[in-house]
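Note sheet for the following structure.
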Amino acid sequence: MADEGFGMNEVRPEFRYHSLRAQKARFTARFGTVWHVLVVLVAVALGLGGVWLLIKHGPIGWLMIGLVGPLVMLSVWWQGDLKTMAVSARAETIDDVMAADVLGRLSQRPSPKEIALAVGQSRAGQFLGVRLGLTPNFLANIASDDPNNTPAVWQSALRIWRDTNSPKVTGAVLAAAIVEQFPNHDALLANLKIDFRDVLGGIMWYERLESLIEQFKQKPLHTGGIARDWSFGYTPLLSRFAQNLSLQVSGGTMISQLDAHQAALEQLMTIFGSNGRQNAALVGLDGAGKSTVVAAFAEMLIDGHKTVPSSLLYRQIFLLDASSLISAAAGRGELEGLVTQILNEAFLSKNVILCLDNAQLFFEEGVGSVDLSNLLLPILEAGRLRIILTMDSQRYLQISQRNAQLATALNTIVIEPSSPEETVWIMRDQLISLEHRHKVTYMYQAIAEAYRVGERYVQDVAMPGRALKVLEAAAHYASSGLVTAQSVDDAVEKTMGIKIATASTDDEREKLLNLEDLIHQRMINQTRAVSVISDAIRRARAGVRNPDRPIGTFLFLGPTGVGKTELSKALADIYFGGEGNLIRLDLNEFVRAEDVARLIADGANDPMSLTAQVQKRPFSVVLLDEIEKAHPQVLTTLLQLLDEGILRDEKNRDISFRDCLVIATSNAGAERIREYIERGYQLEQFEQTFINELINANLFRPEFLNRFDEIVLFRPLGKEELLQVVDLILTGINRTLAPQKIQVTVEEAGKKLLVDAGYDPRLGARPMRRVVQRAVENTVAKQLLAGSVAPGSTTIITAEQIRAVVGDVADGGSMVSPGTGAPPMSLGQ
3 MADEGFGMNE VRPEFRYHSL RAQKARFTAR FGTVWHVLVV LVAVALGLGG VWLLIKHGPI
63 GWLMIGLVGP LVMLSVWWQG DLKTMAVSAR AETIDDVMAA DVLGRLSQRP SPKEIALAVG
123 QSRAGQFLGV RLGLTPNFLA NIASDDPNNT PAVWQSALRI WRDTNSPKVT GAVLAAAIVE
183 QFPNHDALLA NLKIDFRDVL GGIMWYERLE SLIEQFKQKP LHTGGIARDW SFGYTPLLSR
243 FAQNLSLQVS GGTMISQLDA HQAALEQLMT IFGSNGRQNA ALVGLDGAGK STVVAAFAEM
303 LIDGHKTVPS SLLYRQIFLL DASSLISAAA GRGELEGLVT QILNEAFLSK NVILCLDNAQ
363 LFFEEGVGSV DLSNLLLPIL EAGRLRIILT MDSQRYLQIS QRNAQLATAL NTIVIEPSSP
423 EETVWIMRDQ LISLEHRHKV TYMYQAIAEA YRVGERYVQD VAMPGRALKV LEAAAHYASS
483 GLVTAQSVDD AVEKTMGIKI ATASTDDERE KLLNLEDLIH QRMINQTRAV SVISDAIRRA
543 RAGVRNPDRP IGTFLFLGPT GVGKTELSKA LADIYFGGEG NLIRLDLNEF VRAEDVARLI
603 ADGANDPMSL TAQVQKRPFS VVLLDEIEKA HPQVLTTLLQ LLDEGILRDE KNRDISFRDC
663 LVIATSNAGA ERIREYIERG YQLEQFEQTF INELINANLF RPEFLNRFDE IVLFRPLGKE
723 ELLQVVDLIL TGINRTLAPQ KIQVTVEEAG KKLLVDAGYD PRLGARPMRR VVQRAVENTV
783 AKQLLAGSVA PGSTTIITAE QIRAVVGDVA DGGSMVSPGT GAPPMSLGQ
């Protein structure tokens with residue numbers, strides 16, 4: 003490391019062009035790989051030619067053979083000293099610790115720009131260019147042409163070299179130094195969606211990959227030899243149904259071994275190296291790394307790691323998936339016979355450790371699972387068959403509560419989810435195989451974004467599985483072979499139906515800026531409600547809202563039929579991808595305390611529970627209808643949802659509502675709102691008074707109301723507004739008839755008749771739909787069946803036709819003059 007063998011303070015920020023190491027580096031830069039290959043070929047040709055001439059008794063053959071020696075020495079020197087160019091043991095100046103692929107390209111008095119160009123040709127510099135966007139052109143454009151500024155770059159490079167604990171001052175370190183010397187570099191890096199800490203992280207990532215590659219090269223090639231395979235025995239069923247994990251890891255798989263996993267590996271080594279029960283149960287959440295621990299254990303055994311007891315050397319681990327085995331058997335009897343034979347084969351082979359993946363499926367009855375406790379428990383208690391079980395922690399807890407004897411028989415090892423830092427390193431390590439498999443290149447920003455969105459949106463597995471799941475999905479959305487942060491966002495948006503990036507397209511920005519107009523195409527009036535909802539959506543898509551709460555939480559108060567539900571439907575249709583993304587719960591069905599269980603039920607048992615629906619559609623409008631009728635315990639359960647955007651289901655999993663718009667509706671005090679309006683008061687004049695009345699009447703608790711972002715009052719609709727409602731209903735009818743190429747219009751006098759017939763101050767616009775159905779839709783249906791309306795024509799419904807259906811309707815009473823009426827009596831009086 004940087005501080006081994008010499009102190010950081012001893013290295014001066016000076017560049018010695020004529021130092022021996024710098025001369026070697028320049029020679030190496032000129033004597034590249036191509037020249038080395040040519041030297042080797044010439045040496046081989048001279049050697050063969052010399053031997054041939056000697057055979058032919060030509061004395062010149064000795065001369066040719068003699069020329070081979072210097073060429074061989076040159077090749078060996080290049081392969082050893084020149085190629086590795088180790089850091090000087092007594093480093094004095096920066097050239098003593100600089101990577102040769104940069105050092106050999108520098109002139110006697112380089113400027114920062116020249117350094118940048120040299121960095122762009124180095125291995126580490128190219129790594130930062132591809133991974134972080136710090137390309138050679140980027141660095142050259144920000145670097146100074148003045149050689150007098152170079153000492154400041156050397157000073158920064160030495161400090162970064164020390165801080166990152168890098169073996170050498172590589173091109174990546176120098177790239178970071180050039181960036182750091184640029185004035186206001188934070189703003190510059192912000193354009194790349196990174197900061198200077200990310201640049202340092204990129205350096206450490208490069209060094210980590212170099213270290214992994216070096217470790218991989220130094221892995222032992224022996225895996226037990228032919229004797230190991232002869233001792234293995236005949237195992238046809240095991241070979242058919244199980245994967246040889248040891249064979250896979252010995253084939254070149256890189257496995258990320260975390261510090262947190264070391265304890266688990268040591269426990270496995272102790273258990274299987276002792277004379278006790280030869281079993282282990284790896285218990286943890288899906289994605290926490292149980293399979294990784296088993297793979298790392300297999301690698302240690304097959305590589306003959308120094309910590310492996312001789313009794314475990316070269317033993318092979320076979321992975322058997324419980325779900326695959328269950329699906330392969332025709333019935334319970336066949337499954338028991340199959341499992342028994344496989345276990346016998348594993349035991350008789352003497353060289354196998356069996357790993358039963360998803361083992362909880364063999365200890366419970368249900369869909370896709372079979373309880374084989376009576377078969378497996380005696381084997382586990384005997385402890386003679388070496389076996390590893392991997393089990394989901396929640397299912398293991400349930401099984402152990404039912405079967406205490408099983409819990410006692412197992413040596414349990416708990417696998418905890420990885421920490422944020424560990425997860426990031428695992429993701430970086432896994433990119434080697436991901437990039438090879440998908441033929442793409444991941445940028446640094448993609449890793450950070452995959453962690454962020456995995457933590458927030460992937461709920462079915464634990465870390466690091468969440469982040470890795472997102473990272474792999476992003477490979478399918480690469481742009482020109484490059485996986486960026488946008489690729490990650492696209493993957494999550496397309497696969498999960500969530501909008502996670504800020505609004506970027508002109509079409510979406512236009513929709514957001516005109517959201518009120520779009521909503522008013524579907525509903526009439528209620529301007530304030532439409533405005534506060536639209537503002538919440540705009541805040542979310544502009545990235546200025548609190549990400550740890552729902553998009554918005556609103557309580558709509560008002561009489562029935564005034565547009566509370568219609569506004570929710572309009573939002574779902576216009577912005578959330580369709581009315582199918584409206585999750586509606588009628589809380590008049592949750593009037594008992596025990597109904598809380600139905601609210602948070604697991605999706606496997608009740609797919610219509612609130613948590614199950616939101617887990618399936620996390621980007622949606624959640625409508626909690628008639629909330630005043632819910633039991634107080636139900637309302638208490640909803641407090642966490644409104645406040646933190648999280649609701650725990652019955653399995654204690656956090657279900658996120660942070661990408662939902664939550665709307666609660668209530669008819670509580672509807673008559674009071676009507677009374678205020680009829681006496682001439684505007685909503686703004688009595689809104690707070692009305693809310694206080696609801697609290698005083700014990701209809702809602704203050705702490706519940708305070709959880710909402712906005713409490714919005716809906717005013718009753720008048721006859722003029724109901725005329726507009728009629729137009730909206732007729733638009734819907736014409737949309738339905740569009741495939742038949744038929745249009746329907748209603749005379750203005752007929753519309754007024756419809757309003758008179760459908761007007762009910764208590765029910766709002768709801769009776770209007772029934773009236774239009776009877777007077778208009780029924781009439782059109784008869785005309786279609788009679789053949790009196792042809793495709794491409796327009797049918798006009800007259801006032802007489804409507805009057806024939808609804809009859810003469812008297813006009814309603816007059817309104818009180820605005821502002822002249824006395825305030826109505828309070829609720830409860």
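Each residue of the sequence shown is one higher than the last, beginning at 3 in our numbering.
Where a beta carbon is used, it is the ideal one built from N, C-alpha and C, also for glycine.
Candidates the options, of which the one nearest residue i by Cα
i	options	result
Tyr446	Arg454, Arg439, His440	Arg454
Ala282	Ala606, Ile355, Val310, Glu686	Ile355
Pro718	Ile576, Asn527, Lys219, Cys357	Asn527
Gly554	Leu321, Ser21, Phe659, Phe198	Phe659
Trp427	Val416, Leu612, Leu267, Leu211	Leu211
Ile500	Gly579, Ser402, Ala450	Gly579
Pro793	Arg737, Asp758, Arg805, Gln745	Gln745
Leu391	Phe17, Leu363, Tyr444	Leu363
Thr278	Gly291, Leu412, Ile401, Arg404	Sequence check: residue 278 is Gly here, not Thr. It is Leu412 whose Cα lies nearest to the Cα of Gly278.
Lys170	Thr613, Arg619, Asp98	Asp98
Thr497	Phe621, Thr425, Val564	Phe621
Leu644	Ala189, Ala740, Val624	Val624
Gln726	Gly370, Leu327, Ala542, Val564	Val564
Separation of residue j from residue i, as counted between CA atoms
i	j	result
Glu673	Pro561	7 angstroms
Phe274	Thr638	50 angstroms
Val13	Val546	47 angstroms
Leu584	Lys571	7 angstroms
Ile162	Leu202	8 angstroms
Ala574	Val532	13 angstroms
Thr272	Glu94	48 angstroms
Leu350	Lys471	38 angstroms
Ala27	His307	37 angstroms
Ser795	His522	29 angstroms
Glu723	Thr567	17 angstroms
Leu587	Asn516	29 angstroms
Glu366	Glu705	43 angstroms
Leu43	Pro15	42 angstroms
Val636	Thr691	26 angstroms
Gly68	Gly49	9 angstroms
Lys352	Ser325	25 angstroms
Pro114	Ala88	24 angstroms
Asn346	Arg430	41 angstroms
Asp608	Asp651	11 angstroms
Same chain, Cβ closer than 6 angstroms to residue i, five either side skipped, listed in chain order
i	result
Leu136	Leu130, Ala177
Ala503	Asp491
Val778	Ile799
Glu712	Val534, Phe556
Arg230	For Arg230, the predicted model reports a pLDDT of 47, less than 50, meaning its position is unreliable; a value from the coordinates is still stated below. Correct list, in chain order: Tyr316.
Own chain partners of residue i with C-beta closer than 7 angstroms, once the 5 adjacent residues on each side are dropped
i	result
Ser489	Ala448, Ala476, Tyr479, Ala480, Ser481
Leu141	Ala118, Val121, Gly122, Ala177, Ile180
Arg468	Gly289, Gly456, Glu457, Val460
Glu474	Leu436
Glu518	Val532, Ser533, Ser536
Residue burial classification, residue i (beta-carbon count within 10 angstroms, cutoff 16)
i	result
Ala2	Residue 2 is absent from the structure shown; the chain starts at 3 and stops at 831.
Arg92	exposed
Glu336	exposed
Gln280	buried
Gln432	buried
Thr237	buried
Ile228	Only weak support exists for where Ile228 lies, its pLDDT of 38 falling under 50; the value from the coordinates is given anyway. Exposed.
Phe592	buried
Close Cβ partners of residue i (< 8 angstroms) along its chain, the five nearest in sequence each way excluded
i	result
Arg776	Val807, Val808
8 angstroms Cβ cutoff, residue i in contact with chain C
i	result
Met302	The structure shown contains no chain C; it is built from a single protein chain.
- Which ranges does the beta strand (DSSP E) cover as unbroken runs of at least 3 residues, wholly within the segment 370 to 439, from first to last along the chain? Complete beta strand (DSSP E) runs here, min 3: 389 to 394, 414 to 416.
- Query: What are the start and end residues of each continuous beta strand (DSSP E) run of 3 or more residues lying completely inside the segment 726 to 807, in chain order?
  - Reply: 745 to 748, 796 to 799
- Which whole runs of the beta strand (DSSP E) in the segment 260 to 318 are 3 residues long or more, in chain order? 281 to 286
- Item | Minimum length 3: unbroken beta strand (DSSP E) runs contained in the segment 461 to 540 | none
- Message: My parser needs the beta strand (DSSP E) runs of 3 or more residues fully inside the segment 593 to 676; what are they?
- Response: 622 to 627, 648 to 650, 656 to 658, 662 to 668
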